[in-house]
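Q: Next up is a structure, given as structure tokens.
In my numbering, the protein residues as written are 1 to 210.
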């Protein structure tokens, strides 16, 4: 857990300040755990190589050790680096991302084995949120992410309430205002046809059988 007090900073929701983004990136690069806004719920995350950070997130959310995390990417090229993406899948991803969807794809060998469950699939998304996208671009690499959901099942949408609940367990909370309480829609693209695994903020209609 953090040895220094948790910081909480407000970043402009449309024009994120570079100096504040840099502050957040420094904490991530020093193996910190952050709470940050996405286009759905608040996210709780760290860099992919931060093994201790992954353990901390598991402890905060009381998750099973083999929990399958999502990975947030800045663009499609990062997704293509982490997953097997054929032309048909690429066109589909380009149509719906950035947006409130998480797509399940076959993982490439570039995904650290420590964050994969036994199956070789991974959930990837590009959030349509200026703060989150700017943070990812400033960092220059993807983030491992989980919704800011308490072990009770409640999703926290107010940054002040998040601070009350988890300030002692994270290093930075980025205040992006009050967000949705609905997570992303999860779509499995590993089969011959898309399959909805979770109905969420993204419209599932384009992926349902006609």
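For every residue, glycine included, the Cβ atom is placed at its ideal position computed from N, Cα and C.
Taking 8 Å as the cut-off, does the region 93-110 touch the region 195-204 (at least 3 CB pairs, one atom from each stretch)?
A: The region 93-110 and the region 195-204 touch, with three or more beta-carbon pairs separated by less than 8 Å.
Q: Near residue 20, which residues of its chain fall below 6 Å by C-beta distance, leaving aside the five closest residues on each side in sequence?
A: Hits under 6 Å: 9, 11.
Q: What does residue 115 pair with, by DSSP beta-bridge criteria?
A: In the DSSP output, where bridge partners are listed per residue, residue 115 has none listed.
Q: Answer yes or no: do residue 173 and residue 158 have a C-beta to C-beta separation smaller than 8 Å?
A: no
Q: Quick one: grab the DSSP three-state call for residue 68.
A: coil
Q: For the pair the region 17-34 and the region 135-154, tell me if three or more CB-CB distances fall below 8 Å.
A: yes
Q: Quick one: what's got a C-beta closer than 7 Å to residue 130's C-beta in the same chain, skipping five residues either side?
A: 13, 14, 16
Q: How about residue 44 and residue 168: are their beta carbons less than 8 Å apart?
A: no
Q: Look at the alpha carbon of residue 188 and the alpha carbon of residue 123, and state the distance between them as a whole number of angstroms.
A: Roughly 9 Å separates the two Cα atoms.
Q: Could I get the ranges of all uninterrupted alpha helix (DSSP H) runs contained in the region 73-121, with 4 residues as the minimum, in chain order?
A: 76-82, 87-96
Q: Give me the residue from 209, 170, 149 with the minimum Cα distance to residue 46.
A: 170
Q: Could you tell me the boundaries of the beta strand (DSSP E) in which residue 130 lies?
A: Counted as a single uninterrupted DSSP element, the stretch harbouring residue 130 is not any beta strand (DSSP E) but the alpha helix (DSSP H) occupying residues 130-139.
Q: Within this structure, are the beta carbons of residue 76 and residue 90 separated by less than 8 Å?
A: yes
Q: Assuming residue 209 is part of the beta strand (DSSP E), what are its boundary residues?
A: DSSP places residue 209 in no beta strand (DSSP E); its state is neither H nor E.
Q: Out of curiosity, what's the CA-to-CA distance linking residue 217 and residue 105?
A: A query on residue 217 cannot be resolved here, the shown segment of the chain reaching from 1 to 210 and no further.
Q: What are the start and end residues of the alpha helix (DSSP H) that includes residue 162?
A: 159-166
Q: Which residues mark the beginning and the end of the beta strand (DSSP E) in which residue 172 is found?
A: Here the beta strand (DSSP E) through residue 172 covers 172-175.
Q: Pull up the DSSP beta-bridge partners for residue 57, would you.
A: Partner(s): none; residue 57 has no beta bridge.
Q: Using 8 Å for Cβ pairs, my map puts residue 35 next to residue 53. What's the rounded Cβ distance?
A: Wrong, their Cβ atoms sit about 12 Å apart, outside the cutoff.
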